[in-house]
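The numbers in our numbering rise by one with no breaks, and the one at position 80 of the sequence shown is 80. To keep things clear, I will list the structure first and then write my remarks on it.
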Amino acid sequence: MPLPLHLLAVAVFAMGTSEFMLAGLVPDIATGLGVSVGAAGLLTSAFAAGMIVGAPLMAALARRWPARAALLGFVLVFAAAHVVGALTTSFAGLLLTRAIAALANAGFLAVALSTAATLVAADEKGRALAVLLSGTTVATVAGVPGGAVLGTLLGWRATFWAVALLCLPAAVGIVRGLPARATAPMAPAGPSLRSEIAQLAKPRPVLVMLIGALVNAATFATFTFLAPIVTETAGLPELWVPVALVLFGVGSFVGVTAAGRLSDQRPGIVIVVGGPLLLLGWVALATLAAHPVALLVLVLVQGALSFALGSTVIARVLYEVAGAPTMGGSYATAALNIGAAGGPVVAAVALGSGAGDLGPVWVSALLVAAALLIALPLLRVVAPRLGHQPPHPGQVHPSRST
(Lines of atoms letter the chains of each structure in order from A; the text may use other names.)
(Lines give C-alpha, C1' and ligand atoms only; values in the text may rest on other atoms or scores of the structure.)
Protein backbone atom coordinates (compact mmCIF):
# COMPACT_ATOMS: atom_id res chain seq x y z
CA MET A 1 0.00 0.00 0.00
CA PRO A 2 1.30 3.53 -0.82
CA LEU A 3 3.06 5.57 1.89
CA PRO A 4 0.55 8.49 1.66
CA LEU A 5 -2.19 6.06 2.67
CA HIS A 6 -0.32 5.25 5.88
CA LEU A 7 0.21 8.96 6.55
CA LEU A 8 -3.53 9.49 6.30
CA ALA A 9 -3.93 6.68 8.81
CA VAL A 10 -1.84 8.71 11.29
CA ALA A 11 -4.46 11.46 11.20
CA VAL A 12 -7.23 8.86 11.49
CA PHE A 13 -5.40 7.61 14.61
CA ALA A 14 -5.60 11.06 16.23
CA MET A 15 -9.26 11.44 15.35
CA GLY A 16 -10.09 7.87 16.31
CA THR A 17 -8.55 8.46 19.72
CA SER A 18 -10.97 11.33 20.23
CA GLU A 19 -13.99 9.45 18.91
CA PHE A 20 -13.43 6.37 21.07
CA MET A 21 -11.82 7.87 24.17
CA LEU A 22 -15.13 8.72 25.82
CA ALA A 23 -15.72 5.00 26.42
CA GLY A 24 -13.20 5.19 29.26
CA LEU A 25 -14.10 8.70 30.42
CA VAL A 26 -17.91 8.65 30.63
CA PRO A 27 -18.11 8.19 34.42
CA ASP A 28 -15.53 10.94 35.11
CA ILE A 29 -17.16 13.40 32.71
CA ALA A 30 -20.55 12.71 34.28
CA THR A 31 -19.18 13.40 37.76
CA GLY A 32 -17.13 16.43 36.71
CA LEU A 33 -19.97 18.17 34.86
CA GLY A 34 -22.82 17.06 37.11
CA VAL A 35 -24.79 14.94 34.64
CA SER A 36 -25.88 11.29 34.56
CA VAL A 37 -23.75 8.54 33.03
CA GLY A 38 -26.39 8.06 30.34
CA ALA A 39 -26.29 11.76 29.45
CA ALA A 40 -22.49 11.76 29.32
CA GLY A 41 -22.63 8.74 27.02
CA LEU A 42 -24.69 10.82 24.60
CA LEU A 43 -21.56 12.85 23.88
CA THR A 44 -20.62 9.91 21.66
CA SER A 45 -23.95 10.16 19.87
CA ALA A 46 -23.53 13.93 19.43
CA PHE A 47 -20.14 13.36 17.85
CA ALA A 48 -21.50 10.68 15.55
CA ALA A 49 -24.54 12.80 14.64
CA GLY A 50 -22.21 15.62 13.66
CA MET A 51 -20.33 13.21 11.44
CA ILE A 52 -23.54 12.02 9.77
CA VAL A 53 -24.48 15.57 8.83
CA GLY A 54 -20.91 16.66 8.25
CA ALA A 55 -19.79 13.84 5.97
CA PRO A 56 -21.88 14.75 2.90
CA LEU A 57 -21.94 18.46 3.77
CA MET A 58 -18.18 18.82 4.16
CA ALA A 59 -17.46 16.53 1.20
CA ALA A 60 -19.71 18.64 -1.04
CA LEU A 61 -18.07 21.81 0.25
CA ALA A 62 -14.54 20.49 -0.28
CA ARG A 63 -15.01 18.70 -3.60
CA ARG A 64 -13.54 21.67 -5.49
CA TRP A 65 -10.71 22.16 -3.02
CA PRO A 66 -7.26 20.58 -3.31
CA ALA A 67 -7.29 17.40 -1.24
CA ARG A 68 -4.18 18.38 0.70
CA ALA A 69 -5.61 21.78 1.70
CA ALA A 70 -8.96 20.27 2.67
CA LEU A 71 -7.40 17.56 4.81
CA LEU A 72 -5.06 20.02 6.56
CA GLY A 73 -7.88 22.47 7.27
CA PHE A 74 -10.07 19.77 8.79
CA VAL A 75 -7.25 18.55 11.05
CA LEU A 76 -6.55 22.06 12.36
CA VAL A 77 -10.22 22.77 13.11
CA PHE A 78 -10.40 19.40 14.87
CA ALA A 79 -7.43 20.32 17.07
CA ALA A 80 -8.90 23.74 17.93
CA ALA A 81 -12.21 22.15 18.99
CA HIS A 82 -10.35 19.96 21.48
CA VAL A 83 -8.51 22.92 22.96
CA VAL A 84 -11.85 24.65 23.60
CA GLY A 85 -13.33 21.39 24.93
CA ALA A 86 -10.50 21.07 27.43
CA LEU A 87 -11.26 24.56 28.74
CA THR A 88 -15.07 24.45 28.91
CA THR A 89 -16.86 24.17 32.26
CA SER A 90 -20.36 23.26 31.04
CA PHE A 91 -21.84 20.12 29.55
CA ALA A 92 -23.54 22.17 26.81
CA GLY A 93 -20.20 23.72 25.88
CA LEU A 94 -18.53 20.31 25.70
CA LEU A 95 -21.42 19.05 23.58
CA LEU A 96 -20.90 21.94 21.14
CA THR A 97 -17.17 21.31 20.81
CA ARG A 98 -17.87 17.64 20.12
CA ALA A 99 -20.24 18.65 17.31
CA ILE A 100 -17.65 20.96 15.73
CA ALA A 101 -14.93 18.33 16.05
CA ALA A 102 -17.31 15.86 14.44
CA LEU A 103 -17.86 18.10 11.43
CA ALA A 104 -14.10 18.39 10.96
CA ASN A 105 -13.61 14.66 11.45
CA ALA A 106 -16.39 13.90 8.98
CA GLY A 107 -14.90 16.17 6.35
CA PHE A 108 -11.46 14.69 6.84
CA LEU A 109 -12.60 11.07 6.67
CA ALA A 110 -14.83 11.67 3.65
CA VAL A 111 -11.99 13.32 1.73
CA ALA A 112 -9.47 10.74 2.98
CA LEU A 113 -11.61 7.82 1.80
CA SER A 114 -12.09 9.38 -1.62
CA THR A 115 -8.38 10.22 -1.83
CA ALA A 116 -7.42 6.70 -0.75
CA ALA A 117 -9.46 5.24 -3.59
CA THR A 118 -7.32 7.21 -6.05
CA LEU A 119 -4.08 5.89 -4.55
CA VAL A 120 -4.80 2.19 -5.20
CA ALA A 121 -6.11 -0.02 -7.99
CA ALA A 122 -9.88 -0.09 -8.52
CA ASP A 123 -10.14 -3.61 -7.02
CA GLU A 124 -8.23 -2.76 -3.82
CA LYS A 125 -10.67 -0.45 -2.08
CA GLY A 126 -11.12 -2.92 0.78
CA ARG A 127 -7.39 -3.08 1.45
CA ALA A 128 -7.12 0.73 1.31
CA LEU A 129 -10.02 1.02 3.76
CA ALA A 130 -8.29 -1.50 6.05
CA VAL A 131 -5.16 0.69 6.13
CA LEU A 132 -7.18 3.79 7.01
CA LEU A 133 -9.18 1.95 9.65
CA SER A 134 -5.94 0.61 11.11
CA GLY A 135 -5.47 4.15 12.39
CA THR A 136 -8.74 3.77 14.28
CA THR A 137 -7.83 0.34 15.63
CA VAL A 138 -4.40 1.51 16.79
CA ALA A 139 -6.24 4.33 18.54
CA THR A 140 -8.25 1.76 20.47
CA VAL A 141 -5.05 -0.18 21.28
CA ALA A 142 -2.85 2.75 22.36
CA GLY A 143 -4.57 6.12 22.14
CA VAL A 144 -7.86 5.34 23.87
CA PRO A 145 -6.48 3.28 26.78
CA GLY A 146 -3.68 5.83 27.15
CA GLY A 147 -6.32 8.53 27.31
CA ALA A 148 -8.22 6.52 29.92
CA VAL A 149 -5.08 6.21 32.07
CA LEU A 150 -4.31 9.90 31.57
CA GLY A 151 -7.89 10.75 32.51
CA THR A 152 -7.69 8.59 35.63
CA LEU A 153 -4.44 10.19 36.75
CA LEU A 154 -4.90 13.82 35.62
CA GLY A 155 -8.61 14.18 34.86
CA TRP A 156 -10.60 13.88 31.64
CA ARG A 157 -9.54 17.34 30.41
CA ALA A 158 -5.96 16.13 30.01
CA THR A 159 -7.09 13.70 27.31
CA PHE A 160 -8.55 16.55 25.25
CA TRP A 161 -5.22 18.38 25.40
CA ALA A 162 -3.45 15.17 24.37
CA VAL A 163 -5.68 14.74 21.30
CA ALA A 164 -5.02 18.34 20.24
CA LEU A 165 -1.28 17.64 20.41
CA LEU A 166 -1.67 14.41 18.41
CA CYS A 167 -3.09 16.45 15.55
CA LEU A 168 0.19 18.31 15.03
CA PRO A 169 2.27 15.40 13.61
CA ALA A 170 -0.78 14.38 11.59
CA ALA A 171 -0.88 17.83 10.01
CA VAL A 172 2.83 17.66 9.18
CA GLY A 173 2.35 14.25 7.60
CA ILE A 174 -0.44 15.56 5.38
CA VAL A 175 1.62 18.52 4.17
CA ARG A 176 4.80 16.56 3.52
CA GLY A 177 3.46 13.16 2.56
CA LEU A 178 0.62 13.56 0.08
CA PRO A 179 1.58 13.44 -3.62
CA ALA A 180 1.70 16.56 -5.77
CA ARG A 181 -1.61 15.76 -7.45
CA ALA A 182 -3.27 16.23 -4.05
CA THR A 183 -2.74 19.98 -4.50
CA ALA A 184 -5.10 20.02 -7.48
CA PRO A 185 -8.87 20.38 -7.00
CA MET A 186 -10.55 17.07 -6.19
CA ALA A 187 -13.22 17.40 -8.89
CA PRO A 188 -11.96 19.58 -11.74
CA ALA A 189 -14.02 17.40 -14.07
CA GLY A 190 -16.15 14.31 -13.86
CA PRO A 191 -19.63 13.66 -12.46
CA SER A 192 -21.65 16.60 -11.21
CA LEU A 193 -22.67 16.85 -7.58
CA ARG A 194 -26.25 16.02 -8.53
CA SER A 195 -25.06 12.91 -10.35
CA GLU A 196 -23.02 11.79 -7.35
CA ILE A 197 -25.92 12.34 -4.95
CA ALA A 198 -28.15 10.33 -7.31
CA GLN A 199 -26.12 7.25 -6.38
CA LEU A 200 -28.15 7.18 -3.16
CA ALA A 201 -31.32 6.54 -5.15
CA LYS A 202 -30.05 3.10 -6.09
CA PRO A 203 -31.24 0.26 -3.83
CA ARG A 204 -27.95 -1.64 -3.48
CA PRO A 205 -25.89 1.22 -1.97
CA VAL A 206 -28.69 2.06 0.46
CA LEU A 207 -29.07 -1.60 1.46
CA VAL A 208 -25.36 -2.01 2.13
CA MET A 209 -25.24 1.28 4.07
CA LEU A 210 -28.13 0.09 6.25
CA ILE A 211 -26.34 -3.16 7.09
CA GLY A 212 -23.13 -1.29 7.85
CA ALA A 213 -24.99 1.12 10.10
CA LEU A 214 -26.59 -1.72 12.08
CA VAL A 215 -23.26 -3.50 12.61
CA ASN A 216 -21.55 -0.30 13.74
CA ALA A 217 -24.47 0.58 16.01
CA ALA A 218 -23.97 -2.76 17.73
CA THR A 219 -20.26 -2.03 18.20
CA PHE A 220 -20.81 1.42 19.70
CA ALA A 221 -23.77 0.37 21.85
CA THR A 222 -21.54 -1.76 24.05
CA PHE A 223 -18.21 0.01 23.53
CA THR A 224 -19.57 3.36 24.77
CA PHE A 225 -20.68 1.81 28.07
CA LEU A 226 -17.89 -0.72 28.49
CA ALA A 227 -16.44 1.05 31.57
CA PRO A 228 -19.42 0.39 33.88
CA ILE A 229 -19.57 -3.23 32.70
CA VAL A 230 -15.92 -3.72 33.69
CA THR A 231 -16.18 -1.97 37.06
CA GLU A 232 -19.75 -2.70 38.14
CA THR A 233 -20.73 -6.01 36.53
CA ALA A 234 -17.35 -7.75 36.61
CA GLY A 235 -16.32 -5.95 39.81
CA LEU A 236 -12.84 -5.05 38.55
CA PRO A 237 -10.90 -1.96 39.73
CA GLU A 238 -11.11 1.16 37.58
CA LEU A 239 -7.62 0.69 36.14
CA TRP A 240 -8.89 -2.46 34.38
CA VAL A 241 -10.98 -0.26 32.07
CA PRO A 242 -7.90 0.65 29.96
CA VAL A 243 -6.97 -3.04 29.86
CA ALA A 244 -10.37 -3.91 28.43
CA LEU A 245 -10.04 -1.10 25.89
CA VAL A 246 -6.60 -2.37 24.84
CA LEU A 247 -7.99 -5.86 24.33
CA PHE A 248 -10.85 -4.51 22.23
CA GLY A 249 -8.36 -2.49 20.21
CA VAL A 250 -6.02 -5.42 19.64
CA GLY A 251 -8.96 -7.48 18.48
CA SER A 252 -10.18 -4.73 16.16
CA PHE A 253 -6.72 -4.36 14.59
CA VAL A 254 -6.52 -8.10 13.97
CA GLY A 255 -10.05 -8.18 12.59
CA VAL A 256 -9.72 -5.27 10.16
CA THR A 257 -6.32 -6.48 8.97
CA ALA A 258 -7.47 -10.06 8.41
CA ALA A 259 -10.60 -8.92 6.58
CA GLY A 260 -8.75 -6.43 4.36
CA ARG A 261 -8.11 -8.71 1.40
CA LEU A 262 -11.22 -10.85 1.89
CA SER A 263 -13.40 -7.73 1.78
CA ASP A 264 -12.28 -7.19 -1.83
CA GLN A 265 -12.41 -10.72 -3.18
CA ARG A 266 -14.78 -12.76 -0.97
CA PRO A 267 -16.87 -10.48 1.24
CA GLY A 268 -19.61 -13.08 1.48
CA ILE A 269 -17.35 -15.38 3.51
CA VAL A 270 -16.78 -12.67 6.11
CA ILE A 271 -20.52 -12.00 6.39
CA VAL A 272 -21.64 -15.65 6.49
CA VAL A 273 -18.99 -16.75 8.99
CA GLY A 274 -18.26 -13.59 10.95
CA GLY A 275 -21.86 -12.36 11.30
CA PRO A 276 -23.30 -15.32 13.24
CA LEU A 277 -20.13 -15.54 15.36
CA LEU A 278 -20.47 -11.85 16.23
CA LEU A 279 -24.10 -12.40 17.28
CA LEU A 280 -23.18 -15.38 19.46
CA GLY A 281 -20.34 -13.38 20.98
CA TRP A 282 -22.64 -10.57 22.13
CA VAL A 283 -25.01 -13.09 23.71
CA ALA A 284 -22.07 -14.78 25.45
CA LEU A 285 -20.79 -11.42 26.71
CA ALA A 286 -24.20 -10.52 28.12
CA THR A 287 -24.35 -13.90 29.83
CA LEU A 288 -20.79 -14.14 31.17
CA ALA A 289 -19.83 -10.50 31.85
CA ALA A 290 -19.82 -11.06 35.61
CA HIS A 291 -16.82 -13.38 35.20
CA PRO A 292 -13.71 -11.19 34.67
CA VAL A 293 -11.69 -13.67 32.60
CA ALA A 294 -14.60 -14.46 30.30
CA LEU A 295 -15.38 -10.74 29.96
CA LEU A 296 -11.83 -9.84 28.90
CA VAL A 297 -11.55 -12.72 26.43
CA LEU A 298 -14.89 -11.87 24.85
CA VAL A 299 -13.99 -8.17 24.59
CA LEU A 300 -10.95 -9.20 22.53
CA VAL A 301 -12.99 -11.53 20.31
CA GLN A 302 -15.83 -9.05 19.81
CA GLY A 303 -13.39 -6.34 18.82
CA ALA A 304 -12.00 -8.59 16.08
CA LEU A 305 -15.37 -9.76 14.79
CA SER A 306 -16.99 -6.31 14.93
CA PHE A 307 -14.29 -4.62 12.87
CA ALA A 308 -13.85 -7.53 10.45
CA LEU A 309 -17.55 -7.52 9.61
CA GLY A 310 -17.97 -3.74 9.80
CA SER A 311 -14.99 -2.90 7.57
CA THR A 312 -16.09 -5.48 5.01
CA VAL A 313 -19.57 -4.01 4.72
CA ILE A 314 -18.26 -0.44 4.54
CA ALA A 315 -15.84 -1.49 1.79
CA ARG A 316 -18.90 -2.70 -0.12
CA VAL A 317 -20.33 0.83 0.18
CA LEU A 318 -17.24 2.22 -1.59
CA TYR A 319 -17.68 -0.29 -4.41
CA GLU A 320 -21.39 0.40 -4.78
CA VAL A 321 -20.88 4.18 -5.03
CA ALA A 322 -17.93 4.04 -7.43
CA GLY A 323 -19.87 6.48 -9.62
CA ALA A 324 -19.43 9.14 -6.91
CA PRO A 325 -15.65 9.70 -6.81
CA THR A 326 -15.70 12.77 -4.53
CA MET A 327 -18.83 12.01 -2.47
CA GLY A 328 -18.46 8.24 -2.07
CA GLY A 329 -16.23 8.57 0.97
CA SER A 330 -18.91 10.66 2.68
CA TYR A 331 -21.51 7.94 2.13
CA ALA A 332 -19.25 5.35 3.75
CA THR A 333 -18.57 7.78 6.61
CA ALA A 334 -22.28 8.45 7.06
CA ALA A 335 -23.08 4.74 7.19
CA LEU A 336 -20.46 4.23 9.91
CA ASN A 337 -21.73 7.12 11.98
CA ILE A 338 -25.45 6.57 11.64
CA GLY A 339 -24.68 3.42 13.56
CA ALA A 340 -22.29 5.17 15.95
CA ALA A 341 -25.00 7.75 16.76
CA GLY A 342 -27.93 5.38 17.05
CA GLY A 343 -26.23 2.59 19.00
CA PRO A 344 -25.42 4.60 22.15
CA VAL A 345 -28.86 6.25 22.14
CA VAL A 346 -30.64 2.89 22.24
CA ALA A 347 -28.04 1.56 24.67
CA ALA A 348 -28.59 4.53 27.00
CA VAL A 349 -32.31 3.70 27.11
CA ALA A 350 -31.50 0.06 27.86
CA LEU A 351 -29.04 1.18 30.54
CA GLY A 352 -31.89 2.75 32.47
CA SER A 353 -34.12 -0.32 32.13
CA GLY A 354 -34.22 -3.49 34.19
CA ALA A 355 -31.30 -4.90 32.20
CA GLY A 356 -28.93 -2.47 33.93
CA ASP A 357 -25.30 -2.32 32.85
CA LEU A 358 -25.78 -5.30 30.50
CA GLY A 359 -28.62 -3.64 28.60
CA PRO A 360 -26.24 -2.22 25.96
CA VAL A 361 -24.84 -5.69 25.27
CA TRP A 362 -28.27 -7.11 24.59
CA VAL A 363 -28.92 -4.13 22.31
CA SER A 364 -25.75 -5.06 20.39
CA ALA A 365 -27.00 -8.61 19.95
CA LEU A 366 -30.37 -7.44 18.62
CA LEU A 367 -28.76 -5.00 16.16
CA VAL A 368 -26.46 -7.67 14.71
CA ALA A 369 -29.41 -10.05 14.44
CA ALA A 370 -31.30 -7.41 12.45
CA ALA A 371 -28.29 -6.90 10.15
CA LEU A 372 -28.06 -10.64 9.48
CA LEU A 373 -31.78 -10.93 8.78
CA ILE A 374 -31.25 -8.42 5.96
CA ALA A 375 -27.83 -9.51 4.71
CA LEU A 376 -28.01 -13.30 4.61
CA PRO A 377 -31.09 -13.69 2.37
CA LEU A 378 -29.67 -11.04 -0.01
CA LEU A 379 -26.03 -12.12 0.18
CA ARG A 380 -25.48 -12.24 -3.59
CA VAL A 381 -26.80 -8.70 -3.87
CA VAL A 382 -24.95 -7.03 -0.99
CA ALA A 383 -21.67 -8.97 -1.24
CA PRO A 384 -20.94 -10.31 -4.73
CA ARG A 385 -17.42 -11.49 -5.44
CA LEU A 386 -15.44 -8.79 -7.20
CA GLY A 387 -15.13 -10.67 -10.44
CA HIS A 388 -18.82 -11.59 -10.50
CA GLN A 389 -20.51 -8.26 -9.89
CA PRO A 390 -21.84 -6.14 -12.72
CA PRO A 391 -19.58 -3.14 -13.37
CA HIS A 392 -20.82 0.36 -12.82
CA PRO A 393 -21.20 2.52 -15.89
CA GLY A 394 -17.83 3.76 -17.04
CA GLN A 395 -15.99 1.60 -14.49
CA VAL A 396 -13.17 -0.63 -15.65
CA HIS A 397 -11.53 -3.05 -13.23
CA PRO A 398 -7.79 -3.11 -13.85
CA SER A 399 -5.77 -6.20 -13.15
CA ARG A 400 -4.79 -6.62 -9.51
CA SER A 401 -1.62 -4.89 -8.43
CA THR A 402 0.74 -6.62 -6.07
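Backbone N, C-alpha and C define an ideal beta-carbon position, used for all residues, glycine too. Every value quoted in this text rests on a predicted model; they were computed, and no experiment measured them.
Item to complete: Within the segment 319-393, note down every full alpha helix (DSSP H) run reaching 4 residues or more, in order along the chain.
Response: 328-351, 359-375 and 379-382
Item to complete: Could you work out which residue in GLY50, VAL10 and LEU318 is closest to LEU207 when comparing CA atoms only?
Response: LEU318
Worksheet item: In three-state DSSP terms, what is PRO237?
Response: coil
Worksheet item: Nearest CA to the CA of VAL293: which residue from ILE271, LEU95, LEU247 and ALA315?
Response: LEU247
Practice prompt. Could you pull out every residue in the same chain whose Cβ sits closer than 6 Å to the Cβ of ALA70, ignoring the five residues on either side in sequence?
Written response: ALA62 and VAL111
Worksheet item: Between which two residues does the alpha helix (DSSP H) harbouring LEU125 extend?
Response: Sequence check: residue 125 is Lys here, not Leu. Segment 125-138, the alpha helix (DSSP H) holding LYS125.
Item to complete: Under 8 Å by Cβ, that's how I've got LEU119 and LEU210 pegged, so tell me the actual separation to the nearest angstrom.
Response: So it is not a contact: roughly 28 Å between Cβ atoms.
Worksheet item: Looking only at C-alpha atoms, which of ALA14, ALA371, ALA60 and ALA341 sits nearest to PRO191?
Response: ALA60
Practice prompt. Measure from the alpha carbon of MET403 to the alpha carbon of each residue in ALA116, LEU376 and ALA341, then state which is nearest.
Written response: Past the edges of the chain, shown from 1 to 402, lies residue 403, and the structure says nothing about it.
Discussion item. As a quick exercise: from LEU95, LEU7 and HIS82, pick the residue whose alpha carbon is nearest that of SER45.
Written reply: LEU95
Discussion item. Do ALA371 and ALA170 count as a contact pair if the criterion is CB distance below 8 Å?
Written reply: no
Worksheet item: Where do the N-terminal and C-terminal ends of the alpha helix (DSSP H) with SER195 fall, by residue?
Response: 193-197
Discussion item. Across the segment 251-260 and the segment 126-139, are there enough close Cβ pairs to call them in contact, namely three or more that are closer than 8 Å?
Written reply: yes
Worksheet item: Going by the beta-carbon positions, is the gap between TRP282 and ALA365 smaller than 8 Å?
Response: yes
Worksheet item: By Cβ distance below 7 Å, which residues in the same chain neighbour ALA350 in space, the five residues on each side in sequence not counted?
Response: GLY359, PRO360, TRP362 and VAL363
Worksheet item: With distances taken between CB atoms, is the gap from THR222 to LEU25 smaller than 8 Å?
Response: no
Discussion item. With distance defined between alpha-carbon atoms, name the residue in LEU245, ALA286, ILE174 and ARG64 nearest to GLY143.
Written reply: LEU245
Discussion item. Just to confirm the assignment, what range does the alpha helix (DSSP H) spanning GLU19 have?
Written reply: 3-21
Worksheet item: In chain order, what residues of the same chain lie with their CB nearer than 7 Å to the CB of ALA304, ignoring the 5 residues before and after it?
Response: GLY251, SER252, VAL254 and GLY255
Worksheet entry | Local conformation of THR89 per DSSP, three classes | coil
Worksheet item: Of all the options LEU113, ASP264, LEU133 and ALA227, which has the alpha carbon lying nearest to the alpha carbon of ARG40?
Response: Per the sequence shown, residue 40 should be read as Ala rather than Arg. Cα-wise, what sits closest to ALA40 is ALA227.
Worksheet item: Straight-line CA distance for PHE307 to LEU76?
Response: 28 Å
Discussion item. Between the alpha carbons of PHE13 and PHE47, how many angstroms are there, rounded?
Written reply: 16 Å
Discussion item. Let's see if you can read the secondary structure: which residues bound the alpha helix (DSSP H) around ARG204?
Written reply: 203-223
Worksheet item: When DSSP labels each residue in this structure, what does SER36 get in the three-state scheme?
Response: coil
Practice prompt. Using alpha carbons as the reference points, say which of TRP65, ALA289 and VAL37 lies closest to GLY235.
Written response: ALA289
Discussion item. Buried or exposed for ARG176, going by 16 or more other Cβ atoms inside 10 Å?
Written reply: exposed
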